[in-house]
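Trainee:
Chains as they are written, first to last, in the UniProt record's numbering: chain X, 1 to 411; chain U, 1 to 411.
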């Protein structure tokens with residue numbers, strides 16, 4: 001679940017990680033890097049590999065209540081306590097959750113944004129939402145024009161989530177290059193090609209080689225704009241290397257910032273079944289703009305179920321909610337009530353609830369959710385006007401450049 | 001003579017070119033790459049290697065008259081005819097001549113700018129002057145603050161040259177990142193790490209790996225801002241690979257621009273003697289801010305002469321103007337009259353003119369030149385105000401991004 005700050009969690013055809021070079025490869029029988037996941041993922045072993053910590057019950061209790069945490073889809077983290085302390089006493093604290101605008105946003109892309117909105121509403125977290133149109137242009141066989149269209153479209157979905165403009169900043173790499181590029185250059189000075197290759201594998205262009213410095217900029221931006229504060233980056237665990245690169249760079253460059261923390265999540269299953277959620281263009285998915293009929297048809301046709309092959313077998317042996325995608329959607333996000341979720345699971349396991357019936361429950365919840373999202377999206381006016389209050393102010397830009405040690409413009 | 005668009009023509013301690021990897025290495029007994037020059041340079045062989053053409057007498061006659069061309073310090077080029085045709089009929093044509101602001105500007109740094117000013121005055125050339133503060137920060141053991149100070153100081157010297165603000169644009173990479181970075185990203189998509197390594201050698205940081213895309217942006221900027229037009233880049237021949245990279249990129253990306261041309265120069269000798277001009281920090285040099293006494297002392301103490309070891313030997317055998325640095329300064333720039341220059345050379349060769357006397361002639365000319373430069377520099381007001389008319393306008397920025405295919409800002 002959750003997206004990395006600025007990439008999709010899709011595998012990237014223009015980039016590849018050679019396990020022989022991947023810092024995260026090991027002798028285990030699974031591979032998890034930002035651009036490749038294979039094998040049966042052992043989430044605990046991953047934490048050992050990456051050096052992150054399982055969330056304790058106490059930590060989860062201190063976060064705003066949300067099924068994604070309560071049910072441990074987000075199950076681990078880095079420097080989570082510092083964030084929680086700040087959130088509890090009302091000190092500044094921030095989240096960074098981004099978007100790589102290479103296509104329409106799917107259901108899976110927007111759920112982390114709704115989680116961030118919840119955090120914002122409950123503890124006043126500042127939320128930074130970087131859109132990496134540069135990286136998507138570099139990594140995809142798409143023109144900049146096409147990426148630009150997706151950027152505008154995605155921005156409408158992000159705005160529809162309903163963040164508090166006072167506490168939210170949206171940046172687009174090319175449109176905010178005046179602040180992004182000089183800071184990325186500052187961070188790139190000691191980011192070696194060898195480090196990038198070890199973490200991300202060989203890159204096809206010098207643009208992609210430079211991009212991790214831009215990504216590190218995203219993660220430090222809340223602190224560069226508004227001063228040192230705990231920053232949490234909610235991401236799927238395969239994206240953790242981005243955070244580690246940023247933490248290394250931040251420490252090396254002696255900037256007036258703390259290393260950003262991370263909230264690490266398991267993978268959302270794709271509609272077609274367990275495993276890493278796929279956003280690649282040919283996979284079936286639920287778009288945020290899908291109408292109820294389309295959602296119903298997509299789930300009825302494509303959703304992988306944990307049911308048995310025949311009605312008789314199902315009534316007799318029951319279904320397996322742990323691999324059933326409609327059930328997993330309820331568990332991740334759409335059924336907040338633990339008792340109700342357990343009731344559904346129990347009915348499914350007993351064979352009383354059929355796969356088709358479980359699908360209809362999921363369809364109803366998702367359709368309600370999307371209906372509300374789409375209403376807010378439809379109410380948006382001119383994109384430029386709507387975005388204005390979410391934009392970095394001139395003063396914030398100046399502050400960020402100053403804290404990053406970038407010389408002020410001679411112009 | 002002349003500078004490359006954005007690097008100093010100094011050797012760069014943070015970067016190195018392995019001849020085994022250098023595209024410009026060969027079996028000849030000299031090496032010329034943007035970051036290393038060694039051996040006795042055969043300027044004709046270099047042209048074969050690089051695939052550039054010697055300037056013909058007819059071409060030189062068509063350029064505005066200047067000692068640097070007439071005496072073939074600039075001796076070769078690429079796509080020179082197209083530039084000359086545009087200049088002759090009054091069609092748009094541009095020059096790009098930059099500065100890497102890592103220290104105070106020396107005499108050798110400013111001469112190409114005065115040449116560009118001459119071209120501008122005579123044929124109305126647009127002159128673009130990019131300052132690569134990003135590259136200097138990345139390549140040097142200096143803070144961004146230090147680079148920022150040099151940038152401001154260098155800008156005063158550039159303004160003191162006296163360009164026509166209507167036809168001149170000064171850009172600073174970090175301060176103009178809003179236009180530079182998205183275009184560089186556009187150009188970086190198919191610029192491979194292998195190409196960069198072949199041309200420049202291994203780089204220490206991903207910032208330096210990306211920088212050639214920024215440099216290519218500089219060379220295309222006149223055309224991206226104001227439409228397709230012949231663009232000439234006056235540079236020392238060791239910097240020609242920058243132009244070649246840009247030409248390749250421009251062709252590959254199908255942008256609405258012509259490949260930039262080049263005007264290729266021999267190396268200015270350092271004060272200490274023949275060879276590549278050094279601007280490294282410990283070499284003696286004439287700063288643009290030196291007062292007459294300092295200039296005199298520097299030349300009297302450090303300038304390599306072609307004179308004989310004793311007065312008697314000099315009177316008998318005469319001096320060698322071809323290696324005499326004070327004479328070479330006169331030849332490059334400070335004695336425009338061919339007959340007068342030949343008279344001085346003849347007197348020197350005959351032993352009539354002593355090395356010390358020749359030095360005094362050079363001191364007088366250089367002091368006069370610097371006096372005028374310093375007067376104009378002193379008359380400048382607030383840097384920001386002075387720069388304003390040389391800045392890319394909002395409309396020009398928009399045009400450049402549009403021609404480069406960068407999506408317009410959603411903000």
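Backbone N, C-alpha and C fix where the C-beta goes; we use that ideal spot for every residue, glycine too.
1. Please tell me whether residue 207 of chain X has its Cβ less than 9 Å away from any Cβ of chain U.
2. Just to make sure I have the definition right: I need the residues of chain X whose C-beta is within less than 9 Å of the C-beta of residue 155 of chain U. Which are they?
3. Quick one: residues in its chain with C-beta nearer than 7 Å to the C-beta of residue 216 of chain U, no 5 flanking neighbours on either side, listed in chain order?
4. Name the chain U residues whose beta carbon is nearer than 8 Å to that of residue 192 of chain X?
5. Classify residue 284 of chain U: buried if its beta carbon has 16 or more other beta carbons within 10 angstroms, exposed otherwise.
6. Whose C-beta lies closer than 6 Å to the C-beta of residue 326 of chain X among residues of the same chain, with five residues either side of it excluded?
7. Using beta-carbon positions only, say whether residue 426 of chain X and residue 64 of chain X come within less than 9 Å of one another.
8. From U:192, U:52, U:264, pick the residue whose C-alpha is nearest to that of residue 139 of chain X; which is it?
9. I'd like to know if residue 412 of chain U contacts chain X, where contact means its C-beta is closer than 9 Å to some C-beta of that chain.
10. Per DSSP, which residues does residue 130 of chain X bridge with? Please list them.
11. Report the rounded CA-to-CA distance for residue 24 of chain U versus residue 109 of chain X, giving the unit in angstroms.
12. Give me the chain X residues within the contact set of residue 414 of chain U, using Cβ-Cβ distance strictly less than 7 Å, ordered along the chain.
13. For the candidate residues X:335, X:51, X:238, X:209, whose alpha-carbon lies nearest to that of residue 30 of chain X?
14. Mind pulling the chain X residues with CB within less than 7 Å of residue 196 of chain U?
15. Quick check on DSSP: helix, strand or coil for residue 286 of chain X?
16. Output the distance between the C-alpha atoms of residue 75 of chain U and residue 60 of chain U, rounded to the nearest integer angstrom.
17. With a floor of 4 residues, list each alpha helix (DSSP H) that falls wholly inside the region 37 to 70 of chain U, ordered by position along the chain.
18. Terminal residues of the continuous beta strand (DSSP E) containing residue 33 of chain X?
19. Could you tell me whether the Cβ of residue 113 of chain U comes closer than 9 Å to any Cβ of chain X?
20. Kindly indicate which residue of U:34, U:292, U:267 has the alpha-carbon position closest to the one of residue 368 of chain U.
21. For residue 143 of chain U, which residues in chain X fall below 7 Å Cβ to Cβ?
22. On a Cα-Cα basis, can you pick out the residue from X:128, X:133, X:70 that is closest to residue 208 of chain X?
23. Under 8 Å Cβ to Cβ from residue 311 of chain X, same chain only, skipping five residues before and after it: list those, please.
24. Does DSSP put residue 391 of chain U in a helix, a strand or coil?
25. Using C-beta distances below 7 Å, list every residue in its chain close to residue 46 of chain X, excluding the 5 sequence neighbours before and after it, in chain order.
26. Apart from the five residues on each side of it in sequence, which residues of its chain come closer than 6 Å, Cβ to Cβ, to residue 232 of chain U?
27. Check whether chain U comes within 9 Å of residue 172 of chain X, counting only Cβ atoms and requiring the distance to be less than that.
28. Between residue 329 of chain X and the rest of its own chain, which residues show a CB-CB distance below 6 Å, the 5 nearest in sequence each way excluded?
29. Among residues of its own chain, excluding the 5 on either side of residue 391 of chain X, which ones have a beta-carbon nearer than 6 Å to its beta-carbon?
30. Could you say if the region 217 to 232 of chain X and the region 36 to 44 of chain X meet the contact criterion of at least three C-beta pairs nearer than 8 Å?
31. How long is the line joining the alpha carbons of residue 200 of chain X and residue 289 of chain X, rounded to whole angstroms?
32. So, helix, strand or coil for residue 376 of chain X, using DSSP?
33. Residues of chain X with a CB under 8 Å from the CB of residue 384 of chain U: which are they?
34. Under DSSP, the beta strand (DSSP E) around residue 76 of chain X begins and ends at which residues?
35. Could you spell out the range, first to last residue, of the alpha helix (DSSP H) harbouring residue 101 of chain X?
36. Report the option in U:324, U:124, U:378, U:202 whose CA atom is closest to the CA atom of residue 308 of chain U.
Mentor: Reading from the atomic positions:
1. yes
2. 410
3. 187, 245, 246, 249
4. 204, 205, 206
5. exposed
6. 303, 358, 359, 362
7. Since the first residue shown for chain X is 1 and the last is 411, residue 426 of chain X is missing from the structure and cannot be characterised.
8. U:192
9. This structure gives no information on residue 412 of chain U, because the portion of chain U shown stretches from 1 to 411.
10. X:171
11. Note on residue 24 of chain U: pLDDT 44, under 50, position unreliable in the model; the coordinate value appears next. Distance between the alpha carbons of residue 24 of chain U and residue 109 of chain X is about 48 Å.
12. Beyond the ends of chain U as shown, which are 1 and 411, falls residue 414 of chain U; an answer cannot be given.
13. X:238
14. 206
15. coil
16. 9 Å
17. 43 to 50, 57 to 62, 67 to 70
18. 31 to 33
19. no
20. U:292
21. 405
22. X:133
23. 354
24. coil
25. 32, 237
26. 83, 95, 261, 263
27. yes
28. 362
29. none
30. no
31. 33 Å
32. helix
33. 410, 411
34. 74 to 78
35. First-last for residue 101 of chain X: undefined, no H or E at that position.
36. U:324
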